[in-house]
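A.B. asks: Handing you this structure, nothing more for now.
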Amino acid sequence: MGFEGKYAWTVTVGEKGQIVIPKQAREVFGIKPGDNLLLLGDKDRGLAIPPKSSLDEIAKLIFSKDDEK
Numbered sequence: 062m063g064f065e066g067k068y069a070w071t072v073t074v075g076e077k078g079q080i081v082i083p084k085q086a087r088e089v090f091g092i093k094p095g096d097n098l099l100l101l102g103d104k105d106r107g108l109a110i111p112p113k114s115s116l117d118e119i120a121k122l123i124f125s126k127d128d129e130k
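Right under this line is the structure:
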């Protein structure tokens, strides 16, 4: 039983609060040394690291709500 395109990994948080992104995850998502990642958090739903390419879309969603006021 597998879910194509769906993955799960575990990581350990180090003493300085750092995590290592598993090699397979870096390969699947094209994460290279020096890349900047977006980290989102929701107290109820947890943490998410969306693709870098989604930053523009997320910013539009955030700022469009300000325009509606």
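Position in the sequence shown counted from 1, then plus 61, gives you the numbering used here.
No residue lacks a Cβ here, since even glycine has one placed at the ideal position from N, Cα and C.
1) Does the distance from the CB of Leu-100 to the CB of Ile-110 come in under 7 angstroms?
2) Which residues does DSSP list as the beta-bridge partners of Asp-103?
3) Is it true that the CB of Ile-80 sits closer than 7 angstroms to the CB of Val-89?
4) Rounded to whole angstroms, what is the Cα-Cα separation between Gly-66 and Ala-86?
5) Below 8 angstroms CB to CB, which residues in the same chain sit around Glu-76 once its five sequence neighbours on both sides are set aside?
C.D. replies: So, to answer that:
1) In contact: Leu-100 and Ile-110 (Cβ atoms closer than 7 angstroms).
2) Answer is Gly-107.
3) At the C-beta level, Val-89 and Ile-80 stay beyond 7 angstroms of one another.
4) When rounded, the distance between both Cα atoms is 12 angstroms.
5) Excluding residues within five positions, none has a Cβ falling inside 8 angstroms.
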